[in-house]
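Using UniProt numbering, the first residue of the sequence shown is number 1, and each one after it goes up by one.
Note that the Cβ used here is the ideal one computed from N, Cα and C, for glycine as well.
These numbers come from a predicted model, not from an experiment.
To start, the structure under review is shown below, and the notes come after it.
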Amino acid sequence: MAGRLRRDEDGRIEIDCNAEGVLFVEAETASVVADFGDFAPTLELKQLIPTVDYSGGISTYPLLVLQVTYFKCGGVSLGVGMQHHAADGFFGLHFVNTWSDMARGLDLTIPPFIDRTLLRARDPPQPAFHHVEYQPPPAMKTVLETSKPESTAVSIFKLTRDQLNTLKAKAKEGGNIIGYSSYEMLAGHVWRSACKARGLPDDQETKLYIATDGRSRLRPTLPPGYFGNVIFTATPIAVAGEIQSKPTWYAAGKIHDSLVRMDNDYLRSALDFLELQPDLTALFAVPILSGAPILGLLAGLDCQSMMQILAGEDLFLWGLVGSHTRAYHSSYQAHK
1 MAGRLRRDED
11 GRIEIDCNAE
21 GVLFVEAETA
31 SVVADFGDFA
41 PTLELKQLIP
51 TVDYSGGIST
61 YPLLVLQVTY
71 FKCGGVSLGV
81 GMQHHAADGF
91 FGLHFVNTWS
101 DMARGLDLTI
111 PPFIDRTLLR
121 ARDPPQPAFH
131 HVEYQPPPAM
141 KTVLETSKPE
151 STAVSIFKLT
161 RDQLNTLKAK
171 AKEGGNIIGY
181 SSYEMLAGHV
191 WRSACKARGL
201 PDDQETKLYI
211 ATDGRSRLRP
221 TLPPGYFGNV
231 IFTATPIAVA
241 GEIQSKPTWY
251 AAGKIHDSLV
261 RMDNDYLRSA
271 LDFLELQPDL
281 TALFAVPILS
291 GAPILGLLAG
301 LDCQSMMQIL
311 AGEDLFLWGL
321 VGSHTRAYHS
331 SYQAHK
């Protein structure tokens, strides 16, 4: 994590272990913790994460940025940012938990596992599936403006257990007998709502991007503490009219099928497919259009949320995480 990124002779990104160091910042603020409310990912929240200068190219990007902020009220926050080429959120949480153990004088329970050959493509590569997740998004039926909206708002919608149960009960509508998880039904509801809010034509194909953890799906499973990014993308596709007119379980079914497909064979095929691509940049360049028929979700099937993983942990002797605020930050710049 003290190194930097660089491109190899084939133009692919790798980590240069040059010991350049991490970016660590101590800051004070006249704000109080309550000023940040629910800690929604707003521009104000970014003040709790060190600012990175991306103008110097990838060889200048720190892989790890840390900021301890002291609030006027006596509160304190630890802002952590990691380069996604280096690690995913699961390792990020493992890193923070291990750091907290060391700060309390405890032994490392799960040391980092840094052998990345476990995700190496087969020799020779043998892609066996059509990997729609790496294909361009559906073409627009109508022309949309490419400019970003003049203003945006960030909100957190808190769902109660009763609301989730009500939504999950909709899986039985229309005589459907297939059960779907709370996550699948909620994701299907969000997908429908996005299609409606964007006013997509009934015949417009839409593509849902679901970040999916591959650690437990690969065979053999990766060792605990694996240091790397093991996030794959499930991408169900459906026509906007059907998503909106059919019951919520229709969208949930599309999501379920896409997630079930993400098994060891499919993920190994994805690794082989990527190995054969001369330019990976083009595969991950998704245009940002206002009203575009694409939508991204953070967690896939079997993925615990960040809060679930952290719940009950006493980090740095500051008390239970559940009683303190947390800051998460993801920058698209880090992927360029």
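- Val52: not part of any beta strand (DSSP E); DSSP gives it neither H nor E.
- Looking at the backbone, the Cα of Leu45 and that of Thr212 are separated by about 26 Å.
- For secondary structure counted as the beta strand (DSSP E) over 3 or more consecutive residues, the segment 148-220 holds these complete runs in sequence order: 205-213.
- Looking at Val32, Gln277, Asp123, Leu295, the one whose alpha-carbon comes closest to that of Val76 is Val32.
- A contact is defined here as three or more CB-CB pairs under 8 Å, and the segment 80-99 meets this definition with respect to the segment 227-246.
- The segment 267-276 and the segment 192-209 do not touch, with fewer than 3 CB-CB distances between them shorter than 8 Å.
- Following the DSSP letters along the chain, one finds Ser100 inside the alpha helix (DSSP H) bounded by residues 89-103.
- Ranked by how close their Cα comes to the Cα of Gln244, the residues Pro201, Leu259, Ile255 have Pro201 in first place.
- About 20 Å separates the Cβ atoms of Ala252 and Gln204, ruling out a contact at the 8 Å cut-off.
- The DSSP-derived three-state label of Glu14 is strand.
- Glu184 counts as buried, since no fewer than 16 other beta carbons sit within 10 angstroms of its beta carbon.
- In this structure, Phe71 keeps its C-beta atom at 8 Å or more from the C-beta atom of Gly225.
- Setting aside the 5 residues that flank it on each side, Lys170 is surrounded in the same chain by Thr248, each with a C-beta closer than 6 Å to its C-beta; the list follows chain order.
- Annotation: Phe227 is outside any beta strand (DSSP E) and is labelled neither H nor E by DSSP.
- For the options Cys73, Gly74, Leu93, the alpha carbon positioned closest to that of Val80 is the one of Leu93.
- About 4 Å separates the beta carbon of Asp272 from that of Pro127, a gap short enough to meet the 8 Å contact definition.
- In the DSSP assignment, Glu26 is bridged to Val68.
- For Arg6, the secondary structure class from DSSP, reduced to helix, strand or coil, is strand.
- Tyr54 sits away from Leu5, with the two beta carbons spaced by 8 Å or more.
- In this structure Leu280 is in contact with Arg12, their Cβ atoms being roughly 7 Å apart against a cut-off of 8 Å.
- Non-local C-beta neighbours of Asp263 in its own chain, meaning closer than 7 Å and more than five positions away in sequence, comprise Arg217, ordered along the chain.
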